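One structure below.
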Amino acid sequence: MDTPVNKKKVETNTTPQSQPQPQPQEQQQPLDDTPQDAPLTESAPLTPGLPHDPAPDGGFQAWLQVGAAFLLYWNSLGLLNGFGAFQTYYEQGLLADQNASAISWIGSVQVFLLMAGGFFFGPLFDLGYARSMLVTGTFLLVFGCMMASLATTYYQVLLAQGFCMGIGAGCLYIPAITLVPSYFARHRALAMGVASIGSSMGASLYPLMFARLQPRIGYAWTMRAIGGVALVLCSAATAVAQPRLRRAPVVVVAVGGTSAARWSLAGLHHLAHDAALLDRRYLIQCVAIFFSNLAFFQPLYYLVSYAEAHGTPPSLAQYLLVILNMAAIPGRLLPSVVADRYGVIATFLAICAVTAAVDFYWISVQNQAGNLAFAVLYGFFSSSVVTLAPVVLSSITHDLSTLGTRLGCVAVLKGISSLIGPPIAGAILDASGSYLGAQLFTGTAMSLTAVFTLLMYLTVRKMRNTSAV
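Below is the structure:
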């Protein structure tokens with residue numbers, strides 16, 4: 001006869017029944033379709049994790065995830081990186097009564113929510129809610145496009161394009177950068193480079209689509225068309241996305257009764273602990289990424305208006321963002337190949353230093369040829385910074401089942417710097433009437449990225465030498 005249950009104990013389901021262990025350890029689980037709140041009996045244990053299985057490093061399923069990440073990059077970071085086309089249109093048309101700094105807040109809010117949302121979405125991805133995130137993100141992104149098509153005032157555009165689309169893109173971005181690493185080891189940088197090309201495609205084709213359609217069918221129907229394309233692509237990504245690893249849930253066992261899988265604060269605490277968020281290498285890289293995002297978006301937002309003011313006809317200037325993002329395609333691939341061969345941290349350091357030099361070169365540009373050269377150079381090297389940053393983090397992460405949490409937390413810093421970077425540059429531009437101050441601000445921030453990356457590189461070398469002794 002069963003006695004009433006008065007006490008519960010909490011433990012972690014970690015090992016297969018066929019291989020009982022006296023000291024269970026947390027393990028990683030492949031994602032399945034079992035509801036998170038489905039009760040489990042003693043005769044129906046959780047699926048065992050596969051923490052020691054090597055990454056397949058190729059194969060149909062692995063490259064299918066690269067394809068899914070490609071589409072998610074396209075409609076998250078890619079769509080937001082193309083905001084420069086909207087910035088120019090809003091300044092000259094729909095929101096002509098607003099200054100450049102105010103309009104840039106729309107793009108900054110988008111990027112902030114995309115990045116900072118990782119604080120919530122990263123752990124959710126690790127805990128197995130990837131599909132729910134993808135469905136929610138797709139809905140919010142498309143809904144934001146439709147609402148923006150109806151907007152006529154600044155606050156309406158800010159709410160629809162800034163907040164709604166920003167949150168939706170945030171739901172898509174964490175899966176985009178986290179799906180691929182667990183499927184690849186030796187060719188991880190290359191695989192992530194291929195996936196991140198989606199960002200360049202989105203940032204190229206969405207502005208081109210806007211530039212071609214807006215004069216013909218108007219702003220409203222152009223936004224609806226963009227929303228329709230996003231719906232199709234995101235739905236395809238959601239259908240094939242399959243994260244390889246998932247954190248095991250905390251199992252609440254009723255003494256003498258049944259057990260049930262529950263995500264709890266205790267489980268989140270274990271996840272945060274295992275993610276080693278206070279690792280010195282991780283903290284230094286967080287600072288480096290903060291400064292890289294502080295610098296990254298200014299050329300994307302102000303390249304077109306700067307080119308029009310410095311010797312480039314508007315008919316060509318509107319395509320500079322397309323040229324920049326097309327140059328980003330080899331910029332995402334070639335350095336990734338180099339990183340797999342010679343080391344991702346050293347490659348990332350060199351790319352950051354060159355990107356800083358390109359930012360300072362922008363100051364000297366005064367004609368059409370110079371603007372074209374800057375668009376190509378900045379597109380190539382800055383895209384490498386964005387592509388290799390998560391690869392660097394994965395290279396210093398021992399347990400890849402916590403990578404979503406690590407990337408999510410650093411994304412908060414990226415969101416803050418992305419939020420304040422363009423408005424600071426816009427305020428400098430409005431106050432001085434010159435682009436020089438904004439360009440110096442951008443180059444200095446990217447230089448600090450290189451400095452902290454060098455510090456992280458030296459720290460990693462020192463730790464390796466110490467462990468070898």
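Heads up, the sequence shown is in full-length UniProt numbering, so the first residue is 1 and it goes up one at a time. Even glycine gets a Cβ: it sits at the ideal position worked out from N, Cα and C. Bear in mind that the values here come from a model prediction, so they are computed numbers and not experimental data.
### Query
Out of curiosity, what's the CA-to-CA distance linking ARG212 and ILE226?
12 Å
### GLY408 beta carbon less than 8 Å from that of PHE121
yes
### Local conformation of THR444 per DSSP, three classes
helix
### Task
Report, in whole angstroms, the separation of the C-beta atoms of ALA411 and PHE119, which I expect to be a contact under 8 Å.
Rounded, the Cβ-Cβ distance is 7 Å, consistent with contact.
#### Entry: Candidates TYR302, ALA438, THR402 and ARG280: closest to MET456 by CA position
When only C-alpha atoms are compared, the closest one is ARG280.
#### Entry: C-alpha gap between ALA353 and SER447, whole angstroms
7 Å
### Task
Tell me, please, whether the CB atom of ALA288 is closer than 8 Å to any CB atom in chain E?
As a matter of chain content, chain E is missing from the structure shown, which is built from one protein chain.
### Task
Could you name each continuous alpha helix (DSSP H) segment of 4 residues or more that falls completely within the segment 142-216, going from the start of the chain to the end?
154-157 and 165-178
### Message
In the DSSP assignment, the alpha helix (DSSP H) including GLY279 goes from what residue to what residue?
### Response
According to the sequence as given, residue 279 is Asp; it is not Gly. It is not in any alpha helix (DSSP H) - ASP279 carries neither H nor E in the DSSP assignment.
### Task
Check whether the Cβ atoms of ASP340 and ALA195 sit closer than 8 Å, and answer yes or no.
no
### Cβ neighbours of ILE363 in the same chain (closer than 6 Å, five flanking residues each side left out)
GLN439
### Query
Considering only residues of the same chain and omitting the five flanking positions on each side of LEU265, which have a CB-CB separation below 7 Å?
In this prediction, LEU265 scores a pLDDT of 44, lower than 50, which makes its location untrustworthy; the coordinate-derived value is nonetheless stated afterwards. Hits under 7 Å: none found.
### Query
Thinking C-alpha only, which one of GLN156, LEU208, ALA241 and ILE217 is nearest PHE60?
ALA241
### Query
With 16 other CB atoms within 10 Å as the buried threshold, where does residue 486 fall?
The shown model of the chain, from 1 to 469, leaves out residue 486, and the question about it has no answer.
### Query
From this set, ARG461, VAL142, HIS310 and GLY443, which residue's C-alpha is nearest PRO293's C-alpha?
Here the sequence assigns Asn to residue 293, which means Pro is not the residue at that position. Checked all of ARG461, VAL142, HIS310 and GLY443; the closest Cα to ASN293 is GLY443.
### Query
For the alpha helix (DSSP H) that contains TYR342, what are its first and last residues?
320-342
### Message
In whole angstroms, give me the CA-to-CA distance for ASN75 and THR466.
### Response
44 Å
### Query
When you compare only the Cα positions, how much space is there between THR397 and GLN285?
12 Å
### Segment limits, alpha helix (DSSP H) that includes TRP362
Here TRP362 belongs to no alpha helix (DSSP H), and DSSP marks it neither H nor E.
### Query
Just how far apart, CA to CA, sit PHE96 and PHE360?
According to the sequence provided, residue 96 is Ala. The question's Phe does not apply to it. Rounded to the nearest angstrom, the two C-alpha atoms are 30 Å apart.
### Message
Using 8 Å for Cβ pairs, my map puts SER383 next to ALA328. What's the rounded Cβ distance?
### Response
The Cβ separation is near 3 Å, so the contact holds.
### Query
Given ALA307, which residues of its chain have a CB within under 6 Å of its CB, disregarding the five upstream and five downstream residues?
ALA317, LEU320 and ASN371
### Message
Which runs of the beta strand (DSSP E) at least 3 residues long sit entirely within the segment 61-122? Give them in chain order.
### Response
none
### Query
Going by beta carbon distance, what residues of the same chain come within less than 8 Å of LEU452, once the five residues before and after it are set aside?
The sequence given here places Phe at residue 452; Leu does not occur at that position. ILE284, GLN285, VAL287, ALA288 and PHE291, listed in sequence order.
### Query
If you drop the 5 nearest sequence neighbours on each side, which residues of the same chain put their C-beta closer than 7 Å to that of THR178?
PHE125, LEU403, GLY404 and LEU407
### Message
Rounded to the nearest angstrom, what separates residue 544 and MET147 at their Cα positions?
### Response
In this structure the chain extends from 1 to 469, so residue 544 is not present and cannot be described.
### Query
Does DSSP classify PHE291 as helix, strand or coil?
helix
### Task
Return helix, strand or coil for ALA275, following the three-state DSSP convention.
Bear in mind that the predicted position of ALA275 carries a pLDDT of just 46, short of 50, making it unreliable; the figure below should be weighed with that in mind. ALA275 falls in the coil class under three-state DSSP.
#### Entry: Inter-residue Cα distance where the pair is GLY426 and TYR301
10 Å
### Task
Count the other CB atoms, across all protein chains shown, that sit within 10 Å of the CB of ARG216; report buried if there are 16 or more and exposed otherwise.
ARG216 is exposed by the Cβ-count criterion.
### Message
Would GLN161 and ILE106 qualify as a contact pair, given that the criterion is a beta-carbon distance under 8 Å?
### Response
Cβ distance < 8 Å, so GLN161 and ILE106 count as in contact.
### Backbone secondary structure at LEU377 - three-state DSSP
helix
#### Entry: Residue range of the unbroken alpha helix (DSSP H) whose run includes GLY433
Per DSSP, GLY433 belongs to no alpha helix (DSSP H) and is neither H nor E.
### Message
Using 8 Å as the threshold, is the C-beta distance between LEU140 and GLY168 below it?
### Response
yes
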